[in-house]
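Sequential numbering of the sequence shown, starting at 9, is according to the numbering used here. Okay, structure first, notes after.
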Amino acid sequence: MRLLERMRKGWFMIGIVLAIAAAKLQPSVGVNGGPLKPEITVSYIAVATIFFNSGLSLKTEFADSRLHASPCVFCSDFNQSSWWK
Numbered sequence: 009m010r011l012l013e014r015m016r017k018g019w020f021m022i023g024i025v026l027a028i029a030a031a032k033l034q035p036s037v038g039v040n041g042g043p044l045k046p047e048i049t050v051s052y053i054a055v056a057t058i059f060f061n062s063g064l065s066l067k068t069e070f071a072d073s074r075l076h077a078s079p080c081v082f083c084s085d086f087n088q089s090s091w092w093k
């Protein structure tokens with residue numbers, strides 16, 4: 009297997025290794041109050057992104073009926089507005 013094909017196949021693991029190496033070389037980027045603002049990004053943005061991506065992976069046949077779609081939209085909006093400070 010050629011190197012480029014192997015990198016395409018294992019892109020996620022390569023990215024994880026690079027992220028860990030970058031964090032080891034420059035840990036001041038991720039500290040509280042640093043440029044990444046982990047006190048905000050981890051608690052709000054990362055959680056919202058995870059739930060959004062999970063929602064995108066749902067099959068569309070669940071949202072076909074209005075009876076099911078309207079409570080889903082209400083619960084989604086209610087949940088997001090209730091945990092936002």
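Glycine is no exception: its CB is placed at the ideal position from the N, C-alpha and C atoms. Just so it is clear, the structure is predicted and the values come from calculations on it, not from any experiment.
Return helix, strand or coil for residue i, following the three-state DSSP convention.
| i | result |
| --- | --- |
| glycine 42 | coil |
| glycine 18 | coil |
| leucine 64 | helix |
Which residues in the same chain as residue i place their Cβ atom closer than 7 Å to its Cβ, once the five residues preceding and following it in sequence are excluded?
| i | result |
| --- | --- |
| valine 37 | Pro43 and Leu44 |
Can you name, in chain order, every residue of its own chain whose Cβ lies under 8 Å from the Cβ of residue i, other than the five neighbours on each side?
| i | result |
| --- | --- |
| glycine 23 | none |
| arginine 14 | none |
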